[in-house]
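For reference, the structure discussed in these notes is given below.
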Amino acid sequence: MFFLPMQHKAVGLAHNPLKAIVAPRPIGWISSRGADGSINLAPYSYFNAVCDDPAMVMFSAETLAGGQHKDSLRNIQETGEFVVNIVGEAQFEAMNISSGNYPYGENEFIHAGLEMIGSQTVAVPRAGGVPAALECRLHDTIALPRNAEDKGYVMVLGQVTGLYVDEAVVVDGRISYDRFVPISRLGYRDYGRTTNIFTATRPSD
Ligand SMILES: Cc1cc2nc3c(=O)[nH]c(=O)nc-3n(C[C@H](O)[C@H](O)[C@H](O)COP(=O)(O)O)c2cc1C
């Protein structure tokens with residue numbers, strides 16, 4: 209089958225399959241702080257690392273009709289900092305709770321029963337218990353095109369200023385996927401675990 213973007217129903221697909229096609233995607237579980245000091249935590253699966261040196265990450269936040277911003281984006285635009293928490297199996301339920309639509313200023317760490325752990329390079333806490341976290345400084349935001357309903361996305365690019373890794377997931381100087389099992393987002397309401405790993409060399413190795 210072939211179809212133009214958003215024309216999936218014409219070929220019998222009930223839901224837009226883009227997220228199921230571009231899968232798995234890591235979940236950037238973003239903590240941020242507003243100018244008023246309020247703390248926020250929310251998951252974003254339009255998220256990835258984009259380069260190593262300097263290390264940069266991106267995520268994109270939907271903006272609603274009229275251009276209203278999600279709390280994470282608002283905070284990052286106000287204070288210029290955020291933390292990407294990596295969701296391990298133990299954090300799945302808390303991550304899901306933190307995606308709830310809470311009023312601005314309500315702290316999702318409290319809703320989800322999470323400890324706030326101070327960061328080293330930014331004034332934004334990471335979530336207690338996560339296997340890894342990336343402390344980030346805002347590099348740029350890029351407004352993406354708006355659709356027919358006047359919704360759009362803003363892409364946030366951040367430079368990584370510090371990396372936290374739980375020593376429990378490190379074995380022989382490497383992150384062990386037996387211990388570090390990041391949860392990823394697939395399409396629909398589906399999620400994945402990073403298991404059944406294989407290794408391959410490149411022709412140039
Ligand atoms: C696994 C998962 C991934 C999500 N990914 C995104 C995303 O990439 N972009 C987005 O705008 N919302 C995404 N959401 C929805 C936001 O988490 C949700 O709107 C949340 O309330 C935003 O919180 P905030 O306003 O505190 O930033 C996702 C939700 C879940 C559960």
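Note that the working numbering has the sequence shown beginning at 209, numbered continuously upward. Virtual Cβ for every residue (Gly too), placed ideally from N, Cα, C.
Considering only the beta carbon of each residue, do A243 and D279 sit closer than 8 Å?
To locate residue 243, count along the sequence shown from 1; it is residue 35. To locate residue 279, count along the sequence shown from 1; it is residue 71. Not closer than 8 Å, so no.
For ligand 1, I want to know if H267 counts as a neighbour, meaning its beta carbon is within less than 7 Å of at least one of the ligand's heavy atoms.
In the sequence shown, residue 267 corresponds to position 59, counting from 1. Reading off the sequence, residue 267 comes out as Phe, not His. Checking the Cβ of F267 against ligand 1 gives yes.
Are the CB atoms of P234 and N256 nearer to each other than 8 Å?
Within the sequence shown, numbered from 1, the residue matching residue 234 stands at position 26. Within the sequence shown, numbered from 1, the residue matching residue 256 stands at position 48. Yes; because the gap between Cβ atoms is below 8 Å, this pair is in contact.
Which residue spans inside the segment 224–269 form an unbroken alpha helix (DSSP H) run of at least 4?
Complete alpha helix (DSSP H) runs here, min 4: 226–229.
A341 lies in the beta strand (DSSP E); which residues open and close that run?
In the sequence shown, residue 341 corresponds to position 133, counting from 1. Element bounds for A341: A340 to A351.
Give the straight-line distance between the Cα atoms of P225 and G395, rounded to the nearest whole angstrom.
For the purposes of this step, residue 225 is taken as residue 17 along the sequence shown, with counting starting at 1. For the purposes of this step, residue 395 is taken as residue 187 along the sequence shown, with counting starting at 1. If I take the Cα positions, the gap works out to 7 Å.
Going by beta-carbon coordinates alone, are S246 and G313 separated by less than 8 Å?
The residue labelled residue 246 in the question sits at position 38 within the sequence shown. The residue labelled residue 313 in the question sits at position 105 within the sequence shown. A contact, by the Cβ cut-off of 8 Å.
Going by DSSP, name the residue or residues bridged to E289.
As a working mapping, residue 289 is identified with position 81 in the sequence shown. For E289, which the question treats as bridged, DSSP gives the partners R345.
Taking I391 as part of the beta strand (DSSP E), name the residues at either end of that continuous run.
Counting from one through the sequence shown, the residue named residue 391 turns up at place 183. It spans I391 to R393 - the beta strand (DSSP E) in which I391 sits, taken as one unbroken run.
From the DSSP secondary-structure annotation, give me the bridge partner or partners of Q367.
Taking the first residue of the sequence shown as position 1, residue 367 is located at position 159. DSSP output for Q367 lists M264 and R345 as bridge partner(s).
When the Cβ atoms of the segment 345–361 are set against those of the segment 255–275, are three or more pairs found closer than 8 Å?
The answer is yes - the segment 255–275 touches the segment 345–361, with three or more Cβ pairs under 8 Å.
Who are the near neighbours of V362 in its chain, counting only those whose CB is closer than 8 Å to its CB and skipping five residues on each side?
Along the sequence shown, read from residue 1 onward, the residue named residue 362 stands at position 154. Here the set comprises S268, A269, T271, H277, L281, T349, I350, A351 and L352.
Just checking N293 against ligand 1 - is the residue's beta carbon closer than 7 Å to any of the ligand's heavy atoms?
What you label residue 293 is simply residue 85 of the sequence shown in a count that begins at 1. Outside the cutoff, so no.
Helix, strand or coil for G274? Go by DSSP, reduced to three states.
The count along the sequence shown starts at 1 and reaches residue 274 at position 66. Helix.
Quick one: does the C-beta of N224 sit closer than 7 Å to a heavy atom of ligand 1?
On the sequence shown, residue 224 is found 16 positions in, with the first residue counted as 1. Flag unset: Cβ of N224 not near ligand 1.
Out of curiosity, what's the CA-to-CA distance linking S412 and D261?
Locating residue 412 in the sequence shown gives position 204, where the first residue counts as 1. Locating residue 261 in the sequence shown gives position 53, where the first residue counts as 1. Straight-line Cα distance between these residues: approximately 22 Å.
Do you know offhand how far A302's Cα is from L322's?
As a position in the sequence shown, residue 302 is number 94, starting the count at 1. As a position in the sequence shown, residue 322 is number 114, starting the count at 1. Rounded to the nearest angstrom, the two C-alpha atoms are 7 Å apart.
Quick check on DSSP: helix, strand or coil for M303?
To locate residue 303, count along the sequence shown from 1; it is residue 95. Note: M303 maps to helix in three-state DSSP.
If you measure from the CB of K278, is any heavy atom of ligand 1 nearer than 7 Å?
Start at 1 with the first residue of the sequence shown, and residue 278 comes out as number 70. For ligand 1, at least one heavy atom lies less than 7 Å from the Cβ of K278.
I need the straight-line Cα distance from Y399 to E286, nearest angstrom please.
Counting from one through the sequence shown, the residue named residue 399 turns up at place 191. Counting from one through the sequence shown, the residue named residue 286 turns up at place 78. Their Cα atoms are separated by approximately 32 Å.
For I294, which beta-bridge partners are listed by DSSP?
For the purposes of this step, residue 294 is identified with residue 86 of the sequence shown, where counting begins at 1. Partner(s): G236.
Would you identify the three-state DSSP class for A335, choosing helix, strand or coil?
Start at 1 with the first residue of the sequence shown, and residue 335 comes out as number 127. In this structure, A335 counts as strand in the three-state DSSP scheme.
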